[in-house]
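For the sequence shown, the positions run 12 to 843 when my numbering is used. Ideal Cβ placement from N, Cα and C applies to all residues, glycine included. Note that the structure is a prediction, hence the values are computed from the model and not measured. Remarks on the structure that follows.
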Amino acid sequence: MQVQLTPKHHSPLSLLPKALATFILLTITCLVAPTAVADINADVESRVKTILSDLSLEQKVGQMVQGEIIWVSPADVTKYHLGSVLNGGGSFPNQRKNSSIDDWLKLADDYYSASMKTKAKIPLIWGTDAVHGHNNVIGATLFPHNIGLGAADDPELVREIGAITAKEVAATGIDWIFAPTVAVVKDDRWGRTYEGYSDEAPIVRSYGGVIVEGLQGSAKQLRMDSSKVIATAKHWIGDGGTFRGDDQGNTVLSLEDLLDQHGQGYVTALEAGVQTVMASFNSWNGDKIHGNKQLLTDVLKQQMGFDGFVVSDWNGIGQVNGCNNRGCAQAINAGVDMIMVPEDWKQVYKNTIAQVRSGKIAMARIDDAVSRILRVKLRAGMFEKAAPSKRKITADSSIIGSAKHRAVARDAVRKSLVMLKNRKQLLPLKPGQHILVTGDGADNIGKQNGGWTITWQGTENLNSHFPGATSIFGGIKQAVNEIGGTTELSTDGSFVKKPDVAVVVFGEEPYAEGSGDRDSLILNEGMETDLALLRKLKQQNIPVVAILLTGRPLWVNAELNSSDAFVVAWLPGSEAGGIADVIVADAKGKPRYDFTGKLSFDWPAAEINARNDDLPVSDHLLKRGQGLSYGDAELVADNLNEKSIIDDSSKEQVIFSGTTRPPWKVYIGDASDWSKEVSGKSTTTPYGALTVTTVDGAVQEDSRRVEWTGGHESQFFWQTDNSVNLSALPGDNPALMMTFAVDKHPEGPVKLRMDCEWPCHAELALDTILRSKPEGKLGQLGIGLECFSKHGVNLKKINSPLVLATSEPLIITFRDVRIVADAVGPDVMNCD
12 MQVQLTPKHH SPLSLLPKAL ATFILLTITC LVAPTAVADI NADVESRVKT
62 ILSDLSLEQK VGQMVQGEII WVSPADVTKY HLGSVLNGGG SFPNQRKNSS
112 IDDWLKLADD YYSASMKTKA KIPLIWGTDA VHGHNNVIGA TLFPHNIGLG
162 AADDPELVRE IGAITAKEVA ATGIDWIFAP TVAVVKDDRW GRTYEGYSDE
212 APIVRSYGGV IVEGLQGSAK QLRMDSSKVI ATAKHWIGDG GTFRGDDQGN
262 TVLSLEDLLD QHGQGYVTAL EAGVQTVMAS FNSWNGDKIH GNKQLLTDVL
312 KQQMGFDGFV VSDWNGIGQV NGCNNRGCAQ AINAGVDMIM VPEDWKQVYK
362 NTIAQVRSGK IAMARIDDAV SRILRVKLRA GMFEKAAPSK RKITADSSII
412 GSAKHRAVAR DAVRKSLVML KNRKQLLPLK PGQHILVTGD GADNIGKQNG
462 GWTITWQGTE NLNSHFPGAT SIFGGIKQAV NEIGGTTELS TDGSFVKKPD
512 VAVVVFGEEP YAEGSGDRDS LILNEGMETD LALLRKLKQQ NIPVVAILLT
562 GRPLWVNAEL NSSDAFVVAW LPGSEAGGIA DVIVADAKGK PRYDFTGKLS
612 FDWPAAEINA RNDDLPVSDH LLKRGQGLSY GDAELVADNL NEKSIIDDSS
662 KEQVIFSGTT RPPWKVYIGD ASDWSKEVSG KSTTTPYGAL TVTTVDGAVQ
712 EDSRRVEWTG GHESQFFWQT DNSVNLSALP GDNPALMMTF AVDKHPEGPV
762 KLRMDCEWPC HAELALDTIL RSKPEGKLGQ LGIGLECFSK HGVNLKKINS
812 PLVLATSEPL IITFRDVRIV ADAVGPDVMN CD
């Protein structure tokens, strides 16, 4: 069977450059010939039709609904005929972070058993974000994030990583992985840059198919091998091309360029038989892809021949114009087959049934969606598989984090490292040397893993959460000891014995999407402690090796100038011993392994685009494909430009936007402890009168709900270790701007304070203003900095720009807090 594409229908492929159009056409032929005939056989299609014919509307819609394990019980699966559940990042069985493998398996069994109690007995599938190993599970093997694998440029390694990830996921009873990400990243300010293999299509194209083959295996393996899982190509399409790199933003391209720049990873993924595709949060030319029939149905399903199912992203339907998280006929009509609605799934279930009955959604569209879901479940052997705990792969939980798997992860680390500088062949470290290993990333396994690690953002993790893993210091210590050397560890560069060489490990703090978006490519803007540490060691005439932990290329000219050797380690995962394998010599002083990693992204020579900061950086220090091996001529000079394009005096301060931004930290306190750092999804003061909770606002976990219950004076505030100067902002009316909702009006006095290193402060009464705000409605409030200045604050040394205190009940939810240079509008309060 051939797919007919004719110019008469103005097919997307007819718009493509000839070479790419031919490539996609060849892929479609492969999809509908060997895969379709051998795997999508008459028996499967017959079973799909038979099962479908016996289903009621309620049963069909249930198959299309996917809720999150926090909000879906096994009893719900039975009652509502649910086809799927997922666990989001940082969600665990019984909501226990330290859940055992048996805990995961028990919950999988419970869901499976519940689905078998339904009349139709259609097995439920559980999906999870396993994006660099089984990253939600304590003790799993964690691989370098995709940006590091792109630097390795090794498709067979990626295939093996896919196979190992599938085994460890399947060993917990989970059948479906939301991976691979095949985004092509065009602006490194995007917070998901590290999820992309490269900023150009060739590496992404070369990886898209092999990772799917590793995860799913052949059609026969997917059906019969319990160690294989269903894969997902994501996020269709253009997620890496948004304006300014804004997560969930707008990608402005012609259809031809959209497919050419962002579609090639899908071509090889589909050719490999990927069974599901996840719709992207972003818009295309202003139209949300979750509601775009042209891209979801006309291009993906009809032109490219995809006959698996499309799953929406987390509450993605709610972003479609005219829709909300409780229902969206437009998304289903556009081609979304399974609806990921973590909390509001019951409303989606009921509303979708009503929309079918009212004619807003055609029954034919429902039948098509359910047929696709059934087809994938049949291809994956779900109807034949036993309960999760009875499968062959789950018989031995030691497969999770096994030595064999960790060895592959360690090899991946070795191959991902990119050396940018090596003056006087400082590396590899020589036998007999005394090595200082320092910096806040030296012995920090959470930091070296980055986001999507146990928790969604990768925060709130201790080394104890990574049993069996190796920190960067741990790997260096072992390797140096083996060749007669010694090591010393400190975070601040202090030492007992002066070292022969200092290895400084520093970089970005963990983040995931949204929270990871940046306005520039400056490393940890506002925090210069890493650079100060490098310079401090250099001033003591200690040779310095810099190891950068990062999820994106960064403007680090000053750090390069202050280092004798410089290695980009990306986010290496749990097996950081692979770094020591390359940077520490053998007993004869020779390299044990050479550097083979090359940049899969261009490396910036500036922090923003000097001509237009809406555009990606175009001034590059190093080009894609560059990277040193031992003995190579140097790539960079020692006098790189360190002057920022951005005028420090004009910088606005983003304090909180989706997450607390460096250098700020968020605290709560009462008389028992006035400065308790907020961590995890919920933190409460010692006396229990104030609780801060992470909640969903416009997107997942982008807001902080602050609730005072009364009885004790309690405060909520942001603070930085090093004060900032807010006196030089260039606008006419610099102000503290807050976006928030008053969920419960204050029942007593509320004080808003700004601190200039306590006891220096200014205090304003805020309760009257808060009472004037409608409860539950998101709004803004700006307070001119002159208000605080007139009350005694020193704007040159602000360390707490917002302190909110009361002893009475109040609930307020913050969405955004920042210092702006020029605030105008009716919501701005000034002091006349």
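- Item | Touch test, the stretch 293-308 against the stretch 246-265, Cβ-Cβ under 8 Å, three pairs minimum | Counting Cβ pairs under 8 Å, three or more are found: they touch.
- Assuming I172 contacts F189 under a Cβ cut-off of 8 Å, what Cβ separation, rounded to an integer in Å, is found between them? By 1-based counting over the sequence shown, the position of residue 172 is 161. By 1-based counting over the sequence shown, the position of residue 189 is 178. Actually they are not in contact, since the Cβ atoms of I172 and F189 sit about 16 Å apart, beyond 8 Å.
- Local Cβ density within 10 Å of W769, reported as buried at 16 or more and exposed below that: Against the sequence shown, residue 769 aligns to sequence position 758. W769 comes out exposed.
- Task: Kindly list the residues whose CB is nearer than 6 Å to the CB of G589, restricted to its own chain and excluding five residues on each side of it in sequence; keep chain order.
- Result: By 1-based counting over the sequence shown, the position of residue 589 is 578. Cβ within range, chain order: R421, V424, R425.
- Task: Look up M749 in the DSSP assignment and give the residues it is bridged to.
- Result: Locating residue 749 in the sequence shown gives position 738, where the first residue counts as 1. Paired residue(s): L792, V828.
- Item | C-alpha gap between R216 and E653, whole angstroms | Here residue 216 is taken as the residue at index 205 of the sequence shown, counted from 1. Here residue 653 is taken as the residue at index 642 of the sequence shown, counted from 1. Roughly 36 Å separates the two Cα atoms.
- Note the first and the last residue of the continuous beta strand (DSSP E) segment covering G138. Here residue 138 refers to the residue found at position 127 of the sequence shown. Residues 136-139.
- Task: Could you spell out where the beta strand (DSSP E) holding H772 opens and where it closes?
- Result: For the purposes of this step, residue 772 is identified with residue 761 of the sequence shown, where counting begins at 1. Boundaries of the beta strand (DSSP E) harbouring H772: 772-776, taken from the DSSP string.
- Message: Going by DSSP, what residue range makes up the alpha helix (DSSP H) through R421?
- Response: Taking the first residue of the sequence shown as 1, we reach residue 421 at position 410. That run of the alpha helix (DSSP H) goes 414-427.
- Query: Whose C-alpha, out of R200, E211, A141, E206, is nearest the C-alpha of A182?
  - Reply: On the sequence shown, position 171 is the one that residue 182 refers to. The shortest Cα separation from A182 among R200, E211, A141, E206 belongs to A141.
- Item | Whole runs of the alpha helix (DSSP H) within the stretch 148-216, excluding any shorter than 4 residues | Listed in chain order, they are 157-163, 166-181.
- Run through the stretch 459-533 for me and flag every whole beta strand (DSSP E) of 3 or more residues, listed as ranges in chain order. Counting whole runs of 3 or more residues, the stretch 459-533 contains the beta strand (DSSP E) stretches 497-500, 512-518.
- What separation, rounded to the nearest whole angstrom, lies between the Cα atoms of S110 and F577? To locate residue 110, count along the sequence shown from 1; it is residue 99. To locate residue 577, count along the sequence shown from 1; it is residue 566. Between S110 and F577, the C-alpha separation is close to 39 Å.
- Using the rule of at least 16 other Cβ atoms within 10 Å of the residue's Cβ for burial, across every protein chain shown, is T287 buried or exposed? Reading the sequence shown from its first residue, position 276 is the one you call residue 287. Answer is buried; the Cβ neighbour count reaches 16.
- Query: Near K755, what residues of its chain come up, given a Cβ to Cβ distance below 7 Å and the 5 sequence neighbours on each side ignored?
  - Reply: One-based indexing of the sequence shown puts residue 755 at position 744. Excluding sequence neighbours, K755 sits near E786, P820, L821, I822.
- Relative to the C-alpha of K71, which residue among I81, V59, W82 is closest? For the purposes of this step, residue 71 is taken as the residue at position 60 of the sequence shown. Its Cα nearest to that of K71, the residue V59 stands out among I81, V59, W82.
- Closest residue to W115 among G184, D643, E570, R200 (Cα-Cα distance): If you number the sequence shown from 1, residue 115 lands on position 104. Minimum Cα distance to W115 is reached at G184.
- Message: Counting C-beta neighbours from all protein chains within 10 Å, is the total for F881 16 or more, i.e. buried, or is it exposed?
- Response: Residue 881 is absent from the model: the chain starts at 12 and stops at 843.
- Can you tell which of D503, N744, S505, V512 has its C-alpha closest to the C-alpha of T497? Position 486 of the sequence shown, counted from the start, is the residue given in the question as residue 497. Closest option to T497, judged by alpha-carbon separation, among D503, N744, S505, V512: V512.
- Item | Three-state secondary structure (DSSP) of A580 | By one-based count along the sequence shown, residue 580 stands at place 569. Of the three classes helix, strand and coil, the one that applies to A580 here is strand, per DSSP.
- Task: Measure the CB-CB distance between L632 and A616 and report whether it falls below 8 Å.
- Result: Residue 632 sits at position 621 when you count from the first residue of the sequence shown. Residue 616 sits at position 605 when you count from the first residue of the sequence shown. Taking 8 Å as the cut-off, the beta carbon of L632 is found closer than this to the beta carbon of A616.
- Item | Every unbroken alpha helix (DSSP H) within the stretch 362-411, with a cutoff of 4 residues, ordered by chain | If we require 4 residues or more, the alpha helix (DSSP H) runs fully inside the stretch 362-411 come out as 374-390.
- Task: Please determine, among R170, Q468, D454, the residue with the shortest C-alpha to C-alpha distance to S475.
- Result: Residue numbering aside, residue 475 sits at position 464 when the sequence shown is read from its first letter. The alpha carbon of S475 has as its nearest neighbour, out of R170, Q468, D454, the alpha carbon of D454.
- Query: Which residue or residues does DSSP assign as beta-bridge partners of H77?
  - Reply: For the purposes of this step, residue 77 is identified with residue 66 of the sequence shown, where counting begins at 1. Looking at the sequence itself, residue 77 is Gln, so the reference to His does not match. S95, M351.
- Does the stretch 565-584 come close enough to the stretch 541-557 to have 3 or more Cβ pairs within less than 8 Å? With a cut-off of 8 Å, the stretch 541-557 and the stretch 565-584 count as touching, because enough Cβ pairs lie within range.
- Query: Are I465 and N98 closer than 8 Å when you measure CB to CB?
  - Reply: Against the sequence shown, residue 465 aligns to sequence position 454. Against the sequence shown, residue 98 aligns to sequence position 87. Not a contact, by the Cβ cut-off of 8 Å.
- Taking the continuous alpha helix (DSSP H) assigned at E282, which residues delimit it? The count along the sequence shown starts at 1 and reaches residue 282 at position 271. Per DSSP, E282 belongs to the alpha helix (DSSP H) from 275-282.
- Message: Just to confirm the assignment, what range does the beta strand (DSSP E) spanning Q726 have?
- Response: As a position in the sequence shown, residue 726 is number 715, starting the count at 1. Start and end: 725-730.
- Task: Put S668 into one of helix, strand or coil per three-state DSSP.
- Result: As a first step, residue 668 must be located in the sequence shown, where it is residue number 657. Residue state, collapsed to three classes: strand.
- Can you list, in chain order, the residues of its chain whose CB lies under 6 Å from that of V285, leaving out five sequence neighbours each side? Numbered from 1 along the sequence shown, position 274 holds the residue referred to as residue 285. For V285, same chain residues with a beta-carbon under 6 Å away, outside a window of 5 residues either side, are V223, A242, A244 in chain order.
- Can you give me the Cβ contacts of N552 inside the same chain, cut-off strictly under 8 Å, excluding the 5 residues immediately before and after it? Here residue 552 refers to the residue found at position 541 when the sequence shown is read from its first residue. Excluding sequence neighbours, N552 sits near nothing in its chain.
- Message: Check this for me: beta carbons of G680 and M349, under 8 Å apart or not?
- Response: What you label residue 680 is simply residue 669 of the sequence shown in a count that begins at 1. What you label residue 349 is simply residue 338 of the sequence shown in a count that begins at 1. Cβ atoms of G680 and M349: not closer than 8 Å.
- Query: Nearest-angstrom Cα distance between P757 and N841?
  - Reply: Mapped onto the sequence shown, residue 757 falls at position 746. Mapped onto the sequence shown, residue 841 falls at position 830. In a straight line, the C-alpha of P757 is about 22 Å away from that of N841.
- Query: In the DSSP assignment, what residue or residues form a beta bridge with R716?
  - Reply: On the sequence shown, position 705 is the one that residue 716 refers to. Per DSSP, T704, T824.
- Item | First and last residue of the uninterrupted alpha helix (DSSP H) at R58 | Translated into the one-based positions of the sequence shown, residue 58 becomes position 47. Unbroken alpha helix (DSSP H) run through R58: 53-64.
- At what residues does the alpha helix (DSSP H) containing I343 begin and finish? Taking the first residue of the sequence shown as 1, we reach residue 343 at position 332. In the DSSP assignment, I343 falls within the alpha helix (DSSP H) that extends over 340-345.
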